[in-house]
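**Student:**
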Amino acid sequence: MPTPTPSQNEVIQCAYEPATTVKVIAGPGSGKTLTLMLKVRELISKGIVGADEVLVLSLTNKAVDNVINQLNSIFSELETTTDGIQGDVLTDLVAQIGVYTIHGLANRVVVENEGLVNIIEENGWRGLSKLIPANLLKKYVSGRRGTTLTPKMFERLFREYQAKGTVNEKDAAMEQIVTIMKASKVFTNEELISLATKYLRSGAANQASELPSMTNGLLHKYKVVIVDEYQDLFPSLGPFLSAISQNKQLFLFGDPHQSIYGFLGDNRSVIRFLESMRPPENLKVFHLYDNFRSTPEITRWANAVAGDVSRAVTNNNAFFSKEPMGIEPSLVDIADPLEELEIITDKICQLVSNSVKLSDIAVLTRTNAQLKAVGDHFSSYGIPTEKLTAQPDWISDKNIKFLVDLLKTCMLVSREKRFVEGAGQHQSDFSVIVTLSSLKGVSNQSIQTLFGEAQKANISLWNFISQSRQWPTGVSNRTRIESFVRHLEPLLEYLESSQPLTAISIISRLVTVSHQIGFKPDEIKNENDLEIFREHLIEMLGVLKLCSSTRPQNVSLTEWFLETWMDQHSSFIQHAANERSNIHDLGAVKISTIHSSKGLEFPVVFLSGSSNSNFPIEKNALYVGMTRARNLLYMMNVKNKFLPPPNPESGTGIFDNQKIWNYYNKDLNRPIGRQLESSLQKYRAVNQKFSLNPSVRAYSTMVRMVCNSLKHI
Ligand SMILES: Nc1ncnc2c1ncn2[C@@H]1O[C@H](COP(=O)(O)OP(=O)(O)OP(=O)(O)O)[C@@H](O)[C@H]1O
């Protein structure tokens, strides 16, 4: 366990005072995360507050997983504390600390106050857009022949329609969608947050005994609230955080220079809002000055980009900073994107011919499209890659989302069977529309007709399609819809049965039914895609299993899973991810967008700015990307007026440069020894392994260039 530095210690030791705010401004690599963990440990191990009185909030699931893992390791390292508490007892305490994503927490508050809700995402907008009749479609996509309404376009149009309010001429199809969203409790993430805030505010006036458990906990139990990466908060989160921080000590850890979600709203305004919540004397500000990550060469360049004089000063106050490595970051401009990728590939071969492992290297891009190009390029050479994302991959898998939608459809339908519906209150309609619209051969026209008829009869869409003897005209794919009903009914029966449900049988039934009803899986085109889907299913199974052990007594397994699946974290998931990364014994190059690389560090970083774009890379994004590097930084097509001119020669002398590689190995706690083969020999071998010898490369480059130019014909 590292010994805290003086500035870290100030934060760890600062007194617990209710109704105060402590802001910790911490540069990259200053040990912000470590300090946060040690602060939590200090509070609990000294008995200042109980483990179940500490709440740690992050914005992404990955950040939450990271907090849980680090807390586990920090607590398990404690053999005995000064109070004589055994380490294993402390480890159990970790499980009592509330660690959540802010959205996950808001979701729990809303769900316990008003039952299961739907958070609308791409598939939801796609489903709803199917209710827009063809003649109206023309109005919305006027002037663009053949254009279909994409989920994104539809979302924008719907928002515009809503924003016009009553001055708007009423549009029957849009009004129908407004009604479904209301009846099915469909919310955007923003709406979810403000609804949770409303419940917290109204709950504050109630007796603790009248409140559901999480709402009560947030209002009355927690004493310390810690927000990680405050620079990523956006304005709508302010009131929610304010509502849960009343009378508590609020810690805000972050770095304004790493604020890269400006497009979601002004971060400074939410920080001002949170600071103004209390009188100025109740706000303390601390700085962490050290830099344990980057070489002084990289830090100097990054600070120039940040353009912040105070940052240079704080670095001078550092108790710890690394020795110079003797190698400047490299800055290269290349006109052709393909050549850029070729140069990165060659550089990687040079690096792994020295002391670098493939898994030390990260290639960071500005956009997802660029990321895909990088991944495709490496895979064409057989170079293994591991894609980093801010959410665990299985959560964003569209096929998994379909299985979850299917499960939700069943749950809402069976709930409607048990409770008498109020007029127009068909909560299952949204899920049935979303699921039906993902099936092969079910046309928009059919969905519109069926839904229209169900409305006329004032019954739910499910009741209409499962009970109707007389099918309306205009439904072209009757057998498909009948098969949907026929196959869903046994699944409903299974889920409603009184026997205990098992995670494995839920998953296997969902997969079988999705196949039977004609679900067309997205993006499964080859063996590799299938393998990825299989891994995601295993992760979903892991979460279902976890839910069966954590679910409250009076809540069913499916219900508990549906309420919390986006927010379940387990060492199981982490374990599965580790297993995957061990598959390649060579290690894998990490590829990520700059946004998803937040909070991470890599010994070697390639930043790809793209020669295709004339827009200079956004300053804070560039700063975040640069400061992910511990030792070596390569910047390709990165434009920023504070950077020195391109220096393509930098780093060319790395072959067999023992001084550089001794520094590198020491920094990563690896043994320092002379290599048996020369780096040049290894370079030739690596080139051969990945078919990178010059003639093959020239040929493959040419083939790809021809393919690229063919695309434009
Ligand atoms: N006091 C210390 N002594 C030795 N190493 C430390 C100390 N504090 C932090 N470190 C190490 O420094 C590295 C960076 O720390 P950490 O991940 O906490 O950075 P961070 O401040 O959260 O960075 P970022 O803001 O970029 O996410 C880690 O490898 C951590 O173990």
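Just so it is clear: in the sequence shown, position 545 is 545 by full-length UniProt numbering, and no numbers are missing.
Note that CB positions come from ideal geometry on N, CA and C, so glycine has one too.
A quick note: this is a predicted structure, and the numbers were derived from the prediction, not measured.
Would you give the residue range spanned by the beta strand (DSSP E) that E386 belongs to?
**Tutor:** Element bounds for E386: T385 to K387.
**Student:** Would a C-beta distance cut-off of 8 Å place D255 and Q231 closer than the cut-off?
**Tutor:** Cβ atoms of D255 and Q231: closer than 8 Å.
**Student:** Going by beta carbon distance, what residues of the same chain come within less than 7 Å of P235, once the five residues before and after it are set aside?
**Tutor:** Cβ within range, chain order: G265, D266, S269 and V270.
**Student:** Heavy atom of ligand 1 less than 7 Å from the Cβ of G625, yes or no?
**Tutor:** No, Cβ of G625 sits at least 7 Å from all heavy atoms of ligand 1.
**Student:** Only counting the same chain, and skipping five residues up and downstream in sequence, which positions put a Cβ closer than 6 Å to that of A306?
**Tutor:** Once the five neighbours on either side are set aside, the close Cβ partners of A306 are H257 and Y623.
**Student:** How far does the beta strand (DSSP E) with V225 in it extend, from its first residue to its last?
**Tutor:** It spans V224 to V227 - the beta strand (DSSP E) in which V225 sits, taken as one unbroken run.
**Student:** By Cβ distance below 6 Å, which residues in the same chain neighbour S461 in space, the five residues on each side in sequence not counted?
**Tutor:** Here the sequence assigns Leu to residue 461, which means Ser is not the residue at that position. So the qualifying residues of the chain are D429, V432, F451 and A454.
**Student:** What residues match up with F519 in a beta bridge as DSSP calls it?
**Tutor:** According to DSSP, F519 bridges with L439.
**Student:** Roughly how many angstroms lie between the CA atoms of R630 and V605, to the nearest whole one?
**Tutor:** Roughly 8 Å separates the two Cα atoms.
**Student:** Quick one: grab the DSSP three-state call for F158.
**Tutor:** Note: F158 maps to helix in three-state DSSP.
**Student:** I'd like to confirm something about E601: is its beta-carbon nearer than 7 Å to some heavy atom of ligand 1, or not?
**Tutor:** E601: yes, Cβ under 7 Å from ligand 1.
**Student:** Confirm, please, whether the CB-CB distance from L371 to T593 is below 8 Å.
**Tutor:** Yes; because the gap between Cβ atoms is below 8 Å, this pair is in contact.
**Student:** Taking its Cβ as the centre, do 16 or more other Cβ atoms sit within 10 Å of I573, making it buried, or is it exposed?
**Tutor:** Bear in mind that a pLDDT of 44 at I573, under 50, signals an unreliable position, so the number given afterwards is only what the model happens to contain. Counting Cβ neighbours within 10 Å, I573 comes out buried, since at least 16 surround it.
**Student:** How many Å lie between L36 and I260 at the Cα?
**Tutor:** If you take the alpha carbons of L36 and I260, they lie about 21 Å apart.
**Student:** By the DSSP assignment, the alpha helix (DSSP H) with K401 in it spans what residues?
**Tutor:** Element bounds for K401: K398 to R418.
**Student:** Determine the contact status of I298 and F602, defining contact as a CB-CB distance below 8 Å.
**Tutor:** Cβ distance not < 8 Å, so I298 and F602 don't count as in contact.
**Student:** Kindly indicate which residue of G625, G474 and K440 has the alpha-carbon position closest to the one of H515.
**Tutor:** Cα-wise, what sits closest to H515 is K440.
**Student:** To the nearest angstrom, how far is the alpha carbon of L241 from that of S483?
**Tutor:** Approximately 47 Å, taken between the alpha carbons.
**Student:** Just checking P6 against ligand 1 - is the residue's beta carbon closer than 7 Å to any of the ligand's heavy atoms?
**Tutor:** Every heavy atom of ligand 1 is 7 Å or more from the Cβ of P6, so no.
**Student:** Using a Cβ distance threshold of 8 Å, determine whether the region 183–200 contacts the region 116–132, with at least three qualifying pairs required.
**Tutor:** Touching, per the Cβ criterion.
**Student:** Could you check what DSSP says for L71 in three-state terms: helix, strand or coil?
**Tutor:** Reduced to three states, the DSSP call for L71 is helix.
**Student:** Under the criterion of a Cβ to heavy atom distance below 7 Å, does G124 qualify as lining ligand 1?
**Tutor:** False, no ligand heavy atom lies under 7 Å from that Cβ.
**Student:** Between which residues of its own chain and E17 is the CB-CB distance below 7 Å, once the five residues before and five after are set aside?
**Tutor:** Excluding positions up to five away in sequence, the list reads Q249.
**Student:** Please name the residue, chosen from E342, G115, L34 and P151, that lies closest to L562 on a Cα-to-Cα basis.
**Tutor:** Measuring from the Cα of L562, the nearest candidate turns out to be G115.
**Student:** Just the C-alpha distance for E339 and P296, rounded to the nearest angstrom, thanks.
**Tutor:** For E339 and P296, the distance between alpha carbons rounds to 30 Å.
**Student:** Which residues in the same chain have their Cβ closer than 8 Å to the Cβ of F642, if we skip the five residues on either side of it in sequence?
**Tutor:** The residues are A304, V305 and G307.
**Student:** Return the Cβ separation of K545 and A588 in integer angstroms, given the expectation that the two are a contact with Cβ distance under 8 Å.
**Tutor:** Between A588 and K545 the Cβ distance is about 28 Å, and since that is not below 8 Å, they are no contact.
**Student:** Is S30 close to ligand 1? I mean its beta-carbon at under 7 Å from any heavy atom of the ligand.
**Tutor:** Yes; taking the cut-off as 7 Å, the Cβ of S30 has a heavy atom of ligand 1 nearer than that.
**Student:** Could you have a look at I361 and say whether DSSP puts it in helix, strand or coil?
**Tutor:** Strand at I361.
**Student:** Please list, in chain order, all residues of the same chain as I25 whose beta carbon is under 8 Å from its beta carbon, the five residues on each side excluded.
**Tutor:** Excluding residues within five positions, the ones whose Cβ falls inside 8 Å are G254, D255, P256, V285, F286, H287 and L288.
**Student:** Under a Cβ-count criterion, where at least 16 other Cβ atoms within 10 Å of its own Cβ denotes burial, should I672 be classed as buried or exposed?
**Tutor:** Label assigned to I672: exposed.
**Student:** With a threshold of 8 Å on Cβ separation, who are the neighbours of T558 within its own chain once the five nearest residues in sequence on each side are excluded?
**Tutor:** Around T558: L407, C410, M411, L495, L501 and I506.
**Student:** Assign D65 to buried or exposed, taking buried as 16 or more other Cβ atoms, counted over all protein chains shown, within 10 Å of its Cβ.
**Tutor:** So D65 counts as buried.
**Student:** Excluding five sequence neighbours on each side, which residues of the same chain lie with their C-beta closer than 7 Å to the C-beta of W565?
**Tutor:** For W565, where only same-chain residues beyond five positions count, the Cβ hits under 7 Å are V404 and V543.
**Student:** Contact defined as beta carbons within less than 8 Å: I believe Y199 pairs with N113. What is the distance between those atoms, to the nearest angstrom?
**Tutor:** The pair is a contact, with the Cβ atoms about 5 Å apart (cut-off 8 Å).
**Student:** Which term fits G382, buried or exposed, when burial requires 16 or more other beta carbons within 10 angstroms of its beta carbon?
**Tutor:** Exposed, since its Cβ has fewer than 16 Cβ neighbours within 10 Å.
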